[in-house]
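**Student:**
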Amino acid sequence: MKKAKVKGAVKMSKKTIMLVCSAGMSTSLLVTKMQKAAFNQGLDAHIFAASASEADTNLENNPVDVLLLGPQVRYMKSDFEKRLSPKGIPTDVISMSDYGLMNGEKVLEQALDLLAQADKKE
Numbered sequence: 001m002k003k004a005k006v007k008g009a010v011k012m013s014k015k016t017i018m019l020v021c022s023a024g025m026s027t028s029l030l031v032t033k034m035q036k037a038a039f040n041q042g043l044d045a046h047i048f049a050a051s052a053s054e055a056d057t058n059l060e061n062n063p064v065d066v067l068l069l070g071p072q073v074r075y076m077k078s079d080f081e082k083r084l085s086p087k088g089i090p091t092d093v094i095s096m097s098d099y100g101l102m103n104g105e106k107v108l109e110q111a112l113d114l115l116a117q118a119d120k121k122e
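Each residue of the sequence shown is one higher than the last, beginning at 1 in UniProt numbering.
(1) What whole-angstrom Cβ distance do L69 and V93 have, given they're in contact under 8 Å?
(2) Look up G51 in the DSSP assignment and say whether it is helix, strand or coil.
(3) Going by other Cβ atoms of all chains shown within 10 Å of its Cβ, with 16 needed for buried, is N103 buried or exposed?
(4) So what's L115 in DSSP terms, helix, strand or just coil?
(5) Based on DSSP bridge pairs, tell me the residues matched to V107.
(6) Among K120, E105, D119 and K82, which one has its Cα closest to the Cα of I47?
Listed below in structure tokens is the structure:
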């Protein structure tokens with residue numbers, strides 16, 4: 001991972017963060033808030049949302065660095081982990097409070113923490 005100091009923050013190479021929820025609609029506002037937080041931190045990140053039914057297609061067609069699940073689809077976590085862990089793609093569930101409050105900064109931080117943990121394992 002390329003790193004350079006930018007305004008007191010660590011800048012990484014571009015990362016792709018995929019959020020999955022029931023229909024893909026409820027995460028659209030969260031994605032916007034995460035994009036704003038990434039921009040404010042000087043991070044180059046592609047953040048997008050997909051419905052649970054479109055998740056597999058998106059994973060096949062787009063390189064993804066981290067997958068976050070909305071609380072309403074938390075039951076899918078183990079299935080995604082089984083398939084994505086061997087590829088080095090971390091998966092987690094967004095906390096109910098951060099999701100409900102649409103806290104883009106905290107959810108972005110969660111994604112970046114997962115990426116940092118995955119990098120340590122390599």
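The beta carbon of each residue, even a glycine, is placed where N, CA and C say it ideally should be.
Fair warning: this is a prediction, and the values are worked out from it, not measured in the lab.
**Tutor:** Reading it off the structure:
(1) In the sequence shown, the residue the question calls residue 69 occupies position 69. In the sequence shown, the residue the question calls residue 93 occupies position 93. Correct: roughly 5 Å between the Cβ atoms.
(2) Taking the first residue of the sequence shown as 1, we reach residue 51 at position 51. Reading off the sequence shown, one finds Ser at residue 51, where the question assumed Gly. DSSP places S51 in strand when its eight states are reduced to three.
(3) Indexing the sequence shown from 1 puts residue 103 at position 103. Buried.
(4) Working through the sequence shown from its first residue, we reach residue 115 at position 115. The answer is helix: DSSP assigns L115 an H, G or I state.
(5) Along the sequence shown, read from residue 1 onward, the residue named residue 107 stands at position 107. Per DSSP, none; premise fails for V107.
(6) Start at 1 with the first residue of the sequence shown, and residue 47 comes out as number 47. Checked all of K120, E105, D119 and K82; the closest Cα to I47 is E105.
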